[in-house]
Structures are given as C-alpha cells and as structure tokens.
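Have a look at the structure below, then the notes.
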Amino acid sequence: MNINTPSPRLLSPEQIAQFKAIVGDKYAVTEQAEIAPYVTEDRNLFHGCSPLVLRPGSTAEVSAICKLASEHRIALVPQGGNTGLVGGQTPLNGEVVISLRRMDRVRESDVESNTMTVEAGLILQNAQARAAAIDRLFPLSLAAQGSCTIGGNLSTNAGGTAALAYGLARDMALGLEVVLADGRVLNLLSKLKKDNTGYDLCNLFIGAEGTLGIITAATLKLFPKPRAVATAFVGLQSPAAALKLLQIARNEAAGSLTSFELIADIALDFSVRHGIGIRDPLQSKHQWYVLIELSSSRDDAGAALEAILEHGMEDGIVDDAAIAASIQQQEAFWKLREEISPAQKPEGGSIKHDISVPVAAVPDFIEAANAAVVQLIPGARPVPFGHLGDGNIHYNISQPIGAETAAFLAQWHEVNAVVFGIVLKMGGSISAEHGIGVLKRDELPAVKDKVAIELMRGIKAMLDPLGIMNPGKVL
Ligand code: FAD
Ligand code: ZN
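Each residue of the sequence shown is one higher than the one before, starting from 109 at the first, in the numbering used here.
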C-alpha cells in the first residue's frame with residue numbers, strides 16, 4: 109500500500125557523518141541492500157525508503173541522535189522488531205530509522221517486587237524466558253513474539269492471547285524511560301504499583317506508536333508462574349453459544365480463565381488446508397469453535413475446565429470438545445489458532461480489521477458485518493476469529509474464489525466504511541490491537557471524539573514541536 113509515494117530525504121554527507129559518530133560506523137547502515145529489511149515488512153503491504161538506519165546501543169546514544177535530528181529537523185522513525193501491522197514502523201518518506209534492537213539488556217530483576225527492568229529492544233520471547241528463569245511469568249503473548257520487542261509492544265499497546273486475564277501491554281508496565289524528540293531523557297522508571305503524583309505520563313507514550321518519543325527502557329510487572337494449564341478445543345453452533353460458554357467459564361473459573369478464542373469454521377478450514385501439520389482436533393465439523401485456556405497456581409485447572417465443558421454440554425451449548433492431554437496437544441491447538449492469519453494468504457487477497465465491540469455485542473456484530481460485506485462484494489468470504497473474551501474480533505475478509513486480487517484489495521476503504529459503520533453503531537473501536545499507524549490514520553478523525561483529536565494534536569505539538577518523531581503516523 110503506497111500511502112505516500114516515498115522520496116528519500118536528502119541528508120548531507122556531513123549530517124550522515126555526525127550521526128555515524130554517535131553510534132559508530134559499524135552501527136550506521138547506509139548500504140541500500142542492508143537497509144531493505146528495515147523499510148519493508150513481512151506482508152509486503154508497506155514499502156518505505158531511508159538513507160540511513162541507526163542502531164544505537166544506549167539511551168545516551170538515542171538522546172544524542174534525537175538532539176542532532178532536532179537541530180537539523182531530520183525526521184526519525186523508531187523501530188523494534190518490524191512486525192507492526194499498520195505501517196507505523198515504516199519510513200514512508202525517507203526518514204532516518206532508529207532500530208532499538210541492539211538495546212536488549214535486562215537491567216534488573218527484582219523477584220520480591222515482581223518486576224523486571226529491560227531495554228526496549230529486548231525480544232518479547234526473551235523477556236518471557238528471562239522471567240521464567242526467575243520462576244515468574246511475563247504474560248504478554250502473541251504470534252510475533254519471536255521477533256517483536258518490548259518497546260514495540262508498549263508503543264502499540266499490544267494485546268495478544270492472554271489479555272483476558274492479564275490485560276494489554278499497558279497493564280504490564282510500571283514505568284518507562286523515554287527519549288523525547290529534543291533529546292531530553294524522561295525517567296519514569298519505577299517499581300511502584302501505587303504512585304499518585306500527578307498526571308500519568310507513562311500512559312501517553314504507551315500506544316503512541318512512536319509519535320511522541322522513543323521508549324528506551326521499561327519496568328515490567330511479573331506474575332506467579334502458573335502450575336497447571338488446561339486447554340480445550342470446543343465445537344459449537346454460533347457466536348451466541350460461544351458467548352454463553354464464556355459466561356459459564358467466567359463464573360466458574362474467574363481469574364484463571366486466560367484465553368477464550370472464537371474461530372469460524374472457514375478459519376479452521378484455511379488453517380488445516382494451508383498450515384503444515386495442522387489437524388482438526390474434533391471428530392466432526394462444526395460451524396464455530398472456541399479455544400479455551402485456564403491457568404492456575406494450583407493443580408485444579410484441568411478439573412475446572414472439565415466442569416465448564418460439562419456445564420456447557422448440559423445446557424446444550426457445547427456440541428463436542430477435546431481437552432489437550434499433553435503439552436504437545438496444547439501447542440497443536442494454539443498452532444491451529446496462530447496459523448489462521450497466515451493461512452489466508454494462499455486464499456488470495458485479504459482485507460483485515462482488528463475491531464472491538466462490547467463483548468455482548470460480538471454475535472450481532474458478526475452477523476451484521478457478514479451480511480453487509482457479502483452484499484457489497486458478492487462471494488467475499490468473511491473469516492472472523494479472535495479474542496471473544498475481550499470483544500476483539502479479527503474480522504478478516506478473503507477475496508471471492510477466482511476474483512482478481514488487486515481489484516478486491518482496491519475496495520479496502522469501501523469495506524472499511526461498511527465494517528466501521530457497524531462497529532461504531534455498537535459503541536466499538538476500529539482498532540483494538542494493531543493501532544492506527546498510516547493504515548487507519550485517515551479514518552481516525554471521523555470515528556474519534558473531536559475534542560480527543562484536538563487534545564492528541566496538542567500533546568503531539570508540545571512533545572514534538574518540530575514534527576520529527578514518526579511524522580504522518582496516527583495523526
Ligand atoms: P515495530 O513493528 O517495530 O513498531 C511498531 C510501532 O511501534 C511503530 O509505530 C514504531 O514506530 C513504534 N515503535 C517500535 N519500537 C519503539 C520504541 N522503542 N519507542 C517508540 N516507538 C516504537 N498485536 C497485538 O496487539 N496482538 C496480537 O496478537 C498480535 N499478533 C501479531 C501476530 C503477527 C504474526 C504479527 C506479524 C503481528 C502481530 N501483532 C499483534 C502486531 C503487533 O503490533 C506487533 O507484533 C508488536 O507489538 C510490535 O512490536 P515490534 O517490536 O515489532 O514493533
Ligand atoms: Zn489478536
């Protein structure tokens with residue numbers, strides 16, 4: 109998607125030399141072949157360009173880069189693992205990329221306080237492993253965890269599959285260190301759960317998609333490691349039945365209900381058809397499926413899950429269910445879920461939404477959106493799946509069989525308008541997880557409160573008066 113036609117910003121040789129002097133020659137990338145992985149992304153949806161990628165190794169270096177960029181009014185794009193889905197990390201107008209990946213140290217772990225202070229470039233999976241090594245859980249979990257970074261997770265306020273129990277990235281951060289556009293270092297690192305000393309500045313930067321400053325470190329919350337995890341794959345007839353099962357699970361499992369993922373039959377079919385080694389865990393076909401996971405600090409997760417499923421069967425909600433008998437089976441259930449999105453690729457073009465509506469409205473949303481989308485594009489194949497427990501559905505639409513991909517994708521904004529119209533009527537959000545970036549930037553003013561947009565612009569102008577920090581993203 110070419111939101112803006114990229115044209116490389118011209119940096120003078122002196123300016124490049126000054127940036128190089130900050131990070132060292134080795135960590136200033138100027139060869140286009142080496143720059144390529146930083147300016148494109150996996151799905152090939154956004155293509156950018158940049159004359160320079162800087163790979164700083166410390167907060168002091170990030171600060172010096174911002175100071176120099178301010179002096180010369182050079183625009184910057186912060187980048188972590190480059191897994192974002194809305195183009196926020198792509199330099200679309202020849203900006204200088206600041207890759208935080210080298211800054212991946214764990215500065216401190218505090219087992220008693222249940223905190224870990226890490227640098228922004230730490231890969232999420234490594235953060236999970238470092239927590240596990242001290243017998244703690246860092247519960248943020250998403251399919252991109254092998255390559256996304258803590259800084260990126262916080263900047264996009266990532267959700268993922270355990271948000272039902274633990275919340276979003278925002279809920280897992282106690283403090284931040286941020287470098288502002290002018291190079292000042294804002295130190296908000298803190299292990300405190302309780303601190304009522306004025307405005308909550310941390311939360312301005314979380315979810316800001318790199319438009320207000322560069323997160324260089326964070327103090328993360330850790331949790332007790334669950335002793336037992338139980339996972340089931342359930343077949344049922346409708347999203348309404350899934351919603352009833354969610355209520356039962358909530359009532360009976362309360363805080364140990366970690367995930368409750370809804371999957372349409374077409375999503376399961378795609379995953380089985382295109383994912384390697386993926387099998388349907390149930391004997392027969394169902395119209396809808398749910399993946400439920402319970403985690404408990406005691407050994408009772410399995411028994412609790414069985415009780416929920418029995419209750420669901422007695423009420424005529426659950427048609428069939430398989431409980432994972434081993435860790436391998438648990439992983440196989442999750443693999444099926446995680447392959448849904450990539451498995452849409454071989455089916456042709458796909459128009460994606462990561463909307464949320466109040467949990468109780470999900471069945472009505474799916475019904476209304478399916479009808480409207482098929483009316484707009486006959487033969488279009490809605491592939492709804494996602495985090496029913498959070499009211500967050502990945503409402504993806506695959507092209508009609510045999511249709512021309514480019515022509516289908518050209519209707520992206522028309523499809524958006526139809527889907528977002530239904531979302532707004534239901535009091536929902538056009539982005540529950542992935543953010544605004546450039547993909548939804550032009551839609552934002554129409555769906556967000558006018559005063560909220562004014563305040564957002566005011567905050568942006570105060571923190572980044574020269575407009576050098578990830579310009580053209582979000583606002
Ligand atoms: P990047 O892609 O590098 O950057 C994302 C944004 O954050 C950009 O705007 C960038 O400028 C900014 N940024 C990055 N680092 C910093 C920093 N240190 N300081 C300031 N700004 C910064 N998201 C979910 O919420 N839930 C999911 O379940 C989920 N699943 C995914 C599955 C896959 C396979 C993929 C590819 C993506 C998924 N995502 C999901 C999208 C999600 O936003 C990212 O995966 C992740 O949070 C981004 O981290 P990153 O390090 O790759 O950031
Ligand atoms: Zn998701």
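The beta carbon of each residue, even a glycine, is placed where N, CA and C say it ideally should be.
Taking a contact as a CB-CB distance under 8 Å, the pair S178 and I576 counts as one, their CB atoms being some 6 Å apart. For A289, there is no enclosing beta strand (DSSP E), as DSSP gives it neither H nor E. If the five residues before and after T223 are omitted, its C-beta is found closer than 7 Å to the C-beta atoms of L282, K299, T327, L328, K329, L330, all from its own chain and listed in chain order. Boundaries of the beta strand (DSSP E) harbouring E216: 214 to 218, taken from the DSSP string. A direct Cα-Cα distance of roughly 13 Å separates G306 from L312. Between K558 and I530, the alpha-carbon positions lie close to 20 Å from each other. A buried status is given to S449, since no fewer than 16 other beta-carbon atoms sit within 10 Å of its beta-carbon.
Cβ neighbours of T148 within its own chain (closer than 6 Å, five residues either side excluded): H155. Counted as a single uninterrupted DSSP element, the beta strand (DSSP E) harbouring N504 occupies residues 500 to 506. About 6 Å separates the Cβ atoms of K581 and V546, confirming a contact at the 8 Å cut-off.
If the five residues before and after C256 are omitted, its C-beta is found closer than 6 Å to the C-beta atoms of G189, T191, L232, all from its own chain and listed in chain order. Rounded to the nearest angstrom, the gap between the Cα atoms of A325 and R209 is 12 Å. Going by DSSP, S178 is part of the alpha helix (DSSP H) stretching over 167 to 180.
Under the three-state reduction of DSSP, H542 is assigned to coil, being neither helix nor strand. Excluding five sequence positions before and after I242, the CB atoms of its chain that fall closer than 7 Å to its own CB belong to S217, V219, given in chain order.
For E447, the shortest separation between its Cβ and any heavy atom of the ligand ZN does not lie below 6 Å.
Listed in chain order, the alpha helix (DSSP H) elements of length 4 or more contained wholly in the stretch 350 to 421 are 373 to 382. T319 places its beta carbon less than 7 Å from that of N578.
The three-state secondary structure of T513, taken from DSSP, is helix. Assignment of F127 by DSSP, reduced to helix, strand and coil, places it in the helix class. Judged by pairs of C-beta atoms under 8 Å, the stretch 350 to 357 touches the stretch 415 to 431, as three or more such pairs exist. The alpha carbon of S367 has as its nearest neighbour, out of T339, K333, V287, F516, the alpha carbon of T339. For L193, same chain residues with a beta-carbon under 7 Å away, outside a window of 5 residues either side, are H542 in chain order. Within the same chain, and ignoring the five residues on either side of P186 in sequence, the residues whose Cβ sits closer than 6 Å to its Cβ are I206, G318, I322. The Cβ atoms of A430 and P389 sit closer than 7 Å to each other.
Between the C-alpha atoms of E169 and I143 there is a straight-line separation of about 20 Å.
Counting only residues of its own chain and dropping the five nearest sequence neighbours on each side, I544 has a CB closer than 7 Å to the CB of V194, E317, L552, V582.
For P145, the enclosing alpha helix (DSSP H) has its first and last residue at 140 to 147. At least 7 Å separates the beta-carbon of A432 from that of A361. Counting only the Cα atoms, V204 lies some 10 Å from L118. The alpha-carbon of S249 is positioned some 6 Å away from that of T269.
Pairing D303 with D498, the inter-Cα distance amounts to about 28 Å. Residue pairing by DSSP leaves A480 without any beta bridge partner. The DSSP-derived three-state label of I231 is strand.
With contacts defined as CB atoms closer than 7 Å, S364 and L402 qualify as a contacting pair. For S263, the uninterrupted alpha helix (DSSP H) segment begins and ends at 258 to 263.
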